[in-house]
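This report refers to the structure that appears directly beneath it.
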Amino acid sequence: MTDFAQLLAELRRPRLLIRAARLGLADYNRSRDLRRIVRDVETIVPEHALAALMAAEAELEETRRAGAAHYSLSRHIDVLIALLAESRLLTGPKLNVT
Numbered sequence: 031m032t033d034f035a036q037l038l039a040e041l042r043r044p045r046l047l048i049r050a051a052r053l054g055l056a057d058y059n060r061s062r063d064l065r066r067i068v069r070d071v072e073t074i075v076p077e078h079a080l081a082a083l084m085a086a087e088a089e090l091e092e093t094r095r096a097g098a099a100h101y102s103l104s105r106h107i108d109v110l111i112a113l114l115a116e117s118r119l120l121t122g123p124k125l126n127v128t
């Protein structure tokens, strides 16, 4: 649990990306959105969901930094929203990501 909190605390992304993700938290519906984003049946437990989301986000960040044409900003924001929401299930609402 603290490993995820530490990883999220060290996460550095563009301010606009994080701001968009924070705004999307209000509309996040775990039962609807998590399965669409992760596409894995075993992600019901927050720890498994966070591991899958961290891997997906790292891949999207690498794609973004490379400037690849297939990078999806909306998918990146969706993954960040889910990542923030799922982390709150484990750590509580006071997690700061910059």
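As numbered in the numbering used here, the sequence shown has no gaps in its residue numbers, which increase by one up to the final residue, 128.
Heads up, the beta-carbon is just placed ideally off N, CA and C, and yes, glycines get one too.
All figures in this text were calculated on a predicted structure; none of them were measured in a lab.
Collapsed DSSP secondary structure at residue i in the structure displayed
{"i": "Glu116", "result": "helix"}
{"i": "Pro44", "result": "coil"}
{"i": "Arg69", "result": "coil"}
Cβ-Cβ distance between residue i and residue j below 8 Å
{"i": "Leu83", "j": "Glu116", "result": "yes"}
{"i": "Ala112", "j": "Ile48", "result": "no"}
{"i": "Arg69", "j": "Leu114", "result": "no"}
{"i": "Arg94", "j": "His106", "result": "yes"}
Backbone CA spacing between residue i and residue j [nearest angstrom]
{"i": "Pro76", "j": "Leu120", "result": "7 Å"}
Residue i versus the options, residue with shortest Cα-Cα distance
{"i": "Glu87", "options": "Gly97, Ala99, Leu103 and Ile74", "result": "Leu103"}
{"i": "Ala81", "options": "Gly97, Leu64 and Tyr58", "result": "Leu64"}
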